[in-house]
Every structure is written in structure tokens, then in C-alpha cells.
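To convert, note that position 21 of the sequence shown is 21 in my numbering; the numbers rise steadily by one, no gaps.
Think of the CB as a built atom: it goes at the ideal place given N, C-alpha and C, for glycine as much as any other residue.
Following: one structure in C-alpha cells, then a few remarks.
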Amino acid sequence: KIDIPQKLNLPELNIPAKAIERVLETFDEDAKIELNPMNNYVQLKTDEAEVYILLLDGNYPDVNKLIDIKEGSTVIELAVKELKDAVDRALPFARDAKGKDSLFTLEILEGSIRIFSNAEDGSMESEVPATITSGSYTGKITLNAKYVKDALSCFNETVKIHVSGAMMPVYLLGDNANLIQLILPVRTM
1 KIDIPQKLNL
11 PELNIPAKAI
21 ERVLETFDED
31 AKIELNPMNN
41 YVQLKTDEAE
51 VYILLLDGNY
61 PDVNKLIDIK
71 EGSTVIELAV
81 KELKDAVDRA
91 LPFARDAKGK
101 DSLFTLEILE
111 GSIRIFSNAE
121 DGSMESEVPA
131 TITSGSYTGK
141 ITLNAKYVKD
151 ALSCFNETVK
161 IHVSGAMMPV
171 YLLGDNANLI
181 QLILPVRTM
């Protein structure tokens, strides 16, 4: 924590995280560092050294290119706790053919979703009540159970799942419009 007595008015800078991390490691903890933004680089200056770091062009990362919720995607609204419980039940049996990844299949039904997983030592199937609105996709999607479990930990009461196709990204949205989790489906062949 650094207390700065005056307000800083810096331009928006896109500095590569690894580069600034490595440079800051070389300086002493109590060294006073002067930060000077230039045209396409930033200068870090102390009494003993001067280092220049090239800035990134544009907005980085540009998440608007990653998050592209398709118009007409199937929207599934359900309770977070019920979905978490179903994923937790699927986790012990969620193994791919190689026994490495924790995979389960989500199938969209009328008024609910079915979560199932198969392994050599058993299988599991759960049906979770859901409100399904808009969209026409009604197939199956294979997802990584650990990723879904981690993504669900960000949501409180309800979650909306946007699905466009079997190999299209799956988006999880909460009550807060700014909170979006993206999960990529897994090809099972």
C-alpha cells in the first residue's frame, strides 16, 4: 500500500504485466520510482536506473471480442444452489475416456436440464428444474465440471445460461449485468 498525498492524473496506460513485474523486482522495496508516460512507452526511473517499457496498443484484453452472446440463443434460468449440487454429484463420475478431465453432459429438456456423467466405476444423473426462454437449441453440451463449479461460485441466487450450440461458448450471467462467466464446451470424440 502506498499513500499518495496528491491526486494522480495519469493517462490510461496498457503496460504488459510481466514486463512491469520483472522491472519492479529489480528495484529496492523502498526505492522511489518515477513513472513517466511517453508516446508509446513508459519510463520507470530511480536514482540508480532508468527503464523503458513498451506500451500495448489499443484496449487489452478486448473482452468485447471474446464475449459475443448470440441473438436468439437459448436462455436457461435456474437456481445456483441446485445447479451447484448437481455438478457436485456429477464430479466423482465426471471422467473422460482417458480418465483425466472432469466432464459432464448438460442436456436441455422442456422445463428442466439434465446433468449426467459416466465413468468406469458408475454413473450419475440429475434433473434440475429450470425456466427455458427464447432460442431453439435443445441438444447436449459437454462441459468441464471443475470449470462450471468455479464459475458458479461467483453467483448468488439465480444464474442465466446462454447456449447457442454444441460447440459454441456457454455464457453464465448473474443478476449483475457486469458479471459474465464464459465456459468453452469440450469436444468428446
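Between the beta-carbon of N118 and that of V186 there is about 14 angstroms, and that puts the pair past the 8 angstroms contact cut. For R114, no alpha helix (DSSP H) segment is defined; the enclosing uninterrupted segment is the beta strand (DSSP E) at S112 to A119. DSSP, read as helix, strand or coil, puts L44 in strand. When the alpha-carbon of S153 is set against those of A94, L173, F104 and P37, the nearest one is in L173. An exposed status is given to I2, since fewer than 16 other beta-carbon atoms sit within 10 Å of its beta-carbon. Rounded to whole angstroms, the gap between the alpha carbons of E110 and Y171 is 20 angstroms. DSSP places P92 in the helix class (H, G or I) of the three-state scheme. Sequence-distant partners of L35 (beyond 5 residues in either direction) whose C-beta falls short of 7 angstroms from its own C-beta, in its chain, are V42 and L44. If the five residues before and after I20 are omitted, its C-beta is found closer than 7 angstroms to the C-beta atoms of I53, all from its own chain and listed in chain order.
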